[in-house]
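Beneath this line is the structure, given in structure tokens, with notes to follow.
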Amino acid sequence: MAVAAERQKRAGVLRPTSVVESVYESIYHRLMSLEIAPGARIPIDLFARELGVSQTPIREALSRLEREGLVRKEHLIGYSAAPQWTRKQFEDLYVFRLLIEPEAARLAALNMTPEALQQLEVFSADMGQGGPPVDRNTRYSRFARADAQFHDAILKIAGNDVIRTSLSSQHTHLHIFRLMFHTRVTQEALQEHEDLLTAFRAGDSEAAAQAMRVHIERSRDRLLSAFE
Ligand SMILES: [Zn+2]
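This is the structure we're talking about:
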């Protein structure tokens, strides 16, 4: 059961397996699409009534979202959506990503196996269309997760655990996607991912590093307009 759920998660298939899971998905989509605005309160009783569940699964879903940095809990006040990132937080993260991720892509190209490459191709395809037609908000938040999985898979293939954990603790993709709710981000990123895959297919480590550098720089430039 746990293995199946983990496989589903890794494959990017979003099939709610429990009440907590579906509550989590619902709140996650609203946070990512800014339907729940950054900083806004999340009243547990209201959400319980709206989603037709008890408060327990709401609390469980919120504590998971708290671990992911998307919500905050304050004593006596309760839960609220995490505030939007400042420009400084954003720029600091991108300096860090530019230091780390091109090197991770280079290492991943050196360690690439046919199985690992196939897994990356699956994540990439998930981002392209993946699944039945859904509304724009859901599509967007799913894309954010598939993108996170794609990048994490590269870090995993790279095989350096320090690099992988230092980046995953930042929950990069959840925050940058929430920063700018915009479909252009997804279309352009798809082509950049394709360039990365081309380098991996060719086993060209320098080209992989360069493609990752270009992807992160362009991602930064696309998202900077959120601060203007
Ligand atoms: Zn990406």
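full-length UniProt numbering numbers the first residue of the sequence shown as 1 and each following residue consecutively. For every residue, glycine included, the Cβ atom is placed at its ideal position computed from N, Cα and C.
Measure the Cβ-Cβ separation of Q216 and E101 and say whether it is below 7 Å.
Looking at the sequence shown, residue 216 is not Gln but Ile. Going by C-beta atoms, I216 is nearer than 7 Å to E101.
Go ahead and pull the three-state DSSP assignment for L14.
In this prediction, L14 scores a pLDDT of 44, lower than 50, which makes its location untrustworthy; the coordinate-derived value is nonetheless stated afterwards. Three-state result, L14: coil.
At a cut of 8 Å, does the region 191 to 202 reach the region 57 to 71 through at least three beta carbon pairs?
no
Does any CB atom of chain B fall closer than 7 Å to the CB of R97?
Protein chain content of the structure displayed is limited to a single chain, and chain B is not contained in it.
Keeping to the same chain, check which residues put their C-beta closer than 6 Å to that of Y79; ignore five residues upstream and five downstream.
I42, L62, V71 and K73
Residue interval of the alpha helix (DSSP H) (run including S80):
Premise fails: S80 lies in the beta strand (DSSP E), G78 to A81, not in any alpha helix (DSSP H).
Which whole-angstrom value describes the C-beta separation of L174 and I163, a residue pair presumed to lie in contact below a C-beta threshold of 8 Å?
The pair is not a contact, with the Cβ atoms about 19 Å apart (cut-off 8 Å).
Determine the DSSP secondary structure at V214, reduced to helix, strand or coil.
helix
Can you find the residues in the same chain that come closer than 7 Å, C-beta to C-beta, to I58, ignoring five residues on each side of it along the sequence?
V23, I44, F47 and A48
Indicate, with yes or no, if ligand 1 has a heavy atom lying under 6 Å from the CB of D221.
No, the Cβ of D221 stays beyond 6 Å of every heavy atom of ligand 1.
Where F227 falls: helix, strand or coil (DSSP):
helix
Separation of G39 from A146, as counted between CA atoms:
25 Å
Buried or exposed, going by whether 16 or more other CB atoms sit within 10 Å of the CB of Q8?
Unreliable placement is indicated for Q8, whose pLDDT of 48 sits below 50; the coordinate value is still reported in the next sentence. By the 10 Å Cβ count, Q8 comes out exposed.
Local conformation of V53 per DSSP, three classes:
Under the three-state reduction of DSSP, V53 is assigned to coil, being neither helix nor strand.
Is there at least one non-hydrogen atom of ligand 1 closer than 6 Å to the beta-carbon of D147?
yes
So the candidates are A207, R178, K88 and L179; which of them puts its Cα closest to the Cα of E192?
A207
Under 7 Å Cβ to Cβ from H171, same chain only, skipping five residues before and after it: list those, please.
E68 and G69
Please look up how many angstroms separate the CB atoms of F150 and L120, rounded, as I've assumed it's under 8 Å.
With 8 Å as the limit, F150 and L120 qualify as a contact, their Cβ atoms being about 7 Å apart.
Please work out which residues of its chain come closer than 6 Å, Cβ to Cβ, to V107, disregarding the five sequence neighbours upstream and downstream, and give them in chain order.
The residue you asked about is not Val; residue 107 is Leu in the sequence shown. Taken in chain order, the residues that qualify are A158.
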